[in-house]
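To keep things clear, I will list the structure first and then write my remarks on it.
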């Protein structure tokens, strides 16, 4: 028996784990690591099941090639040559814009996904870039980009020091947090209340998080921006503002808020006017306060406006970039920020003319680009760690579109609802055979921290790492061929990184010799060498050797004010009234005058689930982790429902088992995200198939500024089955 330590890669909480393995390398127990200074022993059911996930017998162990509708196992050289033929064939005959790439959510949870996703996109040479971000978080990136000049400058609530937290559309007791990396989020919220702080949750459901709060307020789905504008109006009208940073557009924001008084928005959002005014007063009066909103507000018709107003309130109450308010993390691998102010719409999608954001097009238009003939029609697709058939809007239409591709390659451990349509599937090694460092998630941490996890188990003979798989795809896409050495790519990336660092004024290595810096790097793989370089060039001056010497992680201290370091706007100030968002306010006003739908659909998260990827682990299915339609008992009686119901939207219909509960407000129904397993080799998932909520979501419904899909506030009808 032996003990190993590593970071859990299954959600955004980055909890430290302590694993016990037998002599054969099988995991016998997984517990929280009590010596991790960030997570301090916290663990959730997902982390506790890591061993079961790794040993899942349904995981692919070898590449798969589909010929004539039949799957067969292949060798790795054979599979990479098939990828080369497929990609170069389409690119040669139809041009680079006939290629597309989709990056799924798990890319944020692996070293390889974080390090090689960008090079792969650049090698493909296409503007047809899609990811899970436009089904999740793009409104936050766009609002931060327009306000602060950098879409990755996302302020997070200083949970451990705040006196007052207003939370909208977030349920961290189930999700463990999102765009806010905070292991043991429940414990941090309990500590907030224990020290005399106040927690207020605004949500159409009385979630587990809402049940923990001092106060829970029901809100009509999709109207968070109206509610927040009512708070902004009150702050101005009652002279409660206390702006502590340099801003541009204060007068314009005041003028915009005039038409959104609490009385004017109360009927639209369903929150009484006096309560809206009280929320504003409480935020202004608290010694420190933070407003935090997440996926329920992002995946709605006015997601970007809601995210903008969240940080506008944080600015107006004097809580941006101060302890106890909202602050910017300083990740150990940060090697530079944007040099130019942020903009969107640098190009547009071919069919619907939708603008790019963060170099991506909305995933809601992927099916359009595949189906619609003409120059630039997508004929080949690369999917890395994603299942858009279940996660993108109008999934059945996208699935049908995938059938018409000339070539598709997927990097994934399973044959799932998306990968079953591929020509080649390249399975990465199990988690415990892979190193881990959280490049993406630590950029949103509520406390600065760093931890590296070496592989717990040695590489399987003859099987490439996930980094090598993605590197080889990148080399194939760039025309280097299936047999090119991945080390060449790593050295090229390292050379560029080091040269940029020595040429950057103020850099800790300004003016030094890149070759000398390269000689000082340590690491057994290209990914480790790149990590070592980023750590050494980063703001904390760490190294891979130091992280190896501290296997439980290194606490780098509480967040510190650093707005001046991250701000990249043309004005050099926080932009409170960006033109792109001001223009969208007219649409918000129009929506307030329209009658609300009789019934709307929202999603929900489960503690023992993460999108579609954990439904094949038996300990994580069943119990509360079920695909049911939550509905208020008053609606059950009013509609004469019993047992099951038919839910219809503009694009589809489902028959779903009912779960009547007082925890959801009347006029709202809720389905969890990521279900609907069919045609898959995942036996446990197939036994608990459920239905896909994205049969009901409409790919034509988008948040305009960001292109994010709308999954919350979807108009539906519900009738007896």
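In full-length UniProt numbering, the protein residues as written are 1 to 721. Virtual Cβ for every residue (Gly too), placed ideally from N, Cα, C.
Burial state of residue i, where buried means 16 or more other Cβ atoms lie within 10 Å
i: residue 488; result: exposed
i: residue 575; result: buried
i: residue 49; result: buried
i: residue 93; result: exposed
i: residue 131; result: buried
i: residue 492; result: exposed
i: residue 675; result: buried
i: residue 246; result: exposed
i: residue 308; result: buried
i: residue 98; result: buried
i: residue 595; result: exposed
i: residue 730; result: Nothing can be reported for residue 730: it is not among the residues displayed for the chain, which extend from 1 to 721.
i: residue 350; result: buried
i: residue 637; result: exposed
i: residue 448; result: buried
i: residue 106; result: buried
i: residue 25; result: exposed
Residues near residue i by beta carbon distance below 6 Å, same chain, minus five either side
i: residue 758; result: There is no way to answer for residue 758, as the model of the chain reaches only from 1 to 721.
i: residue 291; result: 166, 310, 313, 314
i: residue 104; result: 132, 385, 386
i: residue 288; result: 162, 163, 324, 325
i: residue 571; result: 248
i: residue 453; result: 6, 7, 436
Cα-Cα separation, residue i to residue j
i: residue 426; j: residue 592; result: 48 Å
i: residue 153; j: residue 1; result: 44 Å
i: residue 716; j: residue 393; result: 15 Å
i: residue 76; j: residue 412; result: 14 Å
i: residue 481; j: residue 85; result: 10 Å
i: residue 468; j: residue 55; result: 22 Å
i: residue 324; j: residue 161; result: 5 Å
i: residue 377; j: residue 388; result: 19 Å
i: residue 644; j: residue 601; result: 16 Å
i: residue 625; j: residue 47; result: 16 Å
i: residue 68; j: residue 401; result: 18 Å
i: residue 646; j: residue 712; result: 18 Å
i: residue 52; j: residue 615; result: 12 Å
i: residue 513; j: residue 475; result: 27 Å
i: residue 216; j: residue 272; result: 13 Å
i: residue 553; j: residue 486; result: 29 Å
i: residue 202; j: residue 212; result: 12 Å
i: residue 366; j: residue 127; result: 12 Å
i: residue 3; j: residue 19; result: 6 Å
i: residue 551; j: residue 268; result: 52 Å
i: residue 260; j: residue 298; result: 20 Å
i: residue 14; j: residue 649; result: 37 Å
Residue i beta carbon near the ligand GDP (any heavy atom closer than 8 Å)
i: residue 356; result: This structure simply doesn't include the ligand GDP, nor any ligand for that matter.
Neighbourhood of residue i by C-beta, 7 Å cutoff - its chain only, sequence neighbours within 5 removed
i: residue 142; result: 151, 304, 344, 357, 705, 706
i: residue 460; result: 429, 433
i: residue 236; result: 254, 257
i: residue 665; result: 204, 218, 632
i: residue 129; result: 101, 121, 359, 360, 361
i: residue 498; result: 514, 517, 518, 533
i: residue 346; result: 356
Contacting residues, own chain, Cβ-Cβ under 8 Å from residue i (five flanking each side not counted)
i: residue 274; result: 262
i: residue 242; result: 284, 316, 317, 318
i: residue 326; result: 155, 156, 157, 158, 290, 291, 292, 311, 314, 319, 320
i: residue 17; result: 5, 6, 7, 8, 30, 31, 32, 33, 43, 47, 50
Below-9 Å beta-carbon distance, residue i vs any chain D residue
i: residue 684; result: In summary, chain D is missing from the structure at hand, where a single protein chain is found.
Report yes or no: do three or more beta-carbon pairs, one from the segment 155-175 and one from the segment 128-141, lie closer than 8 Å?
no
Three or more C-beta pairs under 8 Å: does that hold for the segment 432-446 against the segment 178-189?
yes
In chain order, which beta strand (DSSP E) runs of at least 3 residues are fully inside the segment 8-95?
16-21, 27-32, 64-67, 70-73
In chain order, which continuous runs of the alpha helix (DSSP H) of length 4 or greater are located wholly inside the segment 369-403?
388-391, 395-403
Every unbroken alpha helix (DSSP H) inside the segment 164-252 [4 residues or more]
172-175, 185-194, 208-212, 224-237
Segment contact, 8 Å Cβ cut-off, at least three pairs: the segment 518-530 with the segment 105-120:
yes
Mind listing, in chain order, the continuous alpha helix (DSSP H) runs of no fewer than 4 residues lying wholly within the segment 305-329?
none
So, do the segment 59-66 and the segment 24-35 have three or more beta carbon pairs nearer to each other than 8 Å?
no
With a floor of 4 residues, list each alpha helix (DSSP H) that falls wholly inside the segment 276-309, ordered by position along the chain.
295-298
Any contact between the segment 322-337 and the segment 531-541? By contact I mean 3 or more CB pairs, one from each, below 8 Å.
yes
Scan the segment 620-698 and note each continuous alpha helix (DSSP H) run of 4 residues or more that stays entirely inside, going in chain order.
633-639, 683-687
Beta strand (DSSP E) segments (min. 3 residues) lying fully within the segment 491-570:
554-558
Would you say the segment 680-688 touches the segment 189-198, given that touching needs at least three Cβ pairs under 8 Å?
no
Should the segment 355-369 be called in touch with the segment 689-705, which here means at least 3 C-beta pairs below 8 Å?
yes
Would you mind listing the beta strand (DSSP E) stretches within the segment 102-162 that are 3+ residues and don't spill past its ends, in chain order?
129-131
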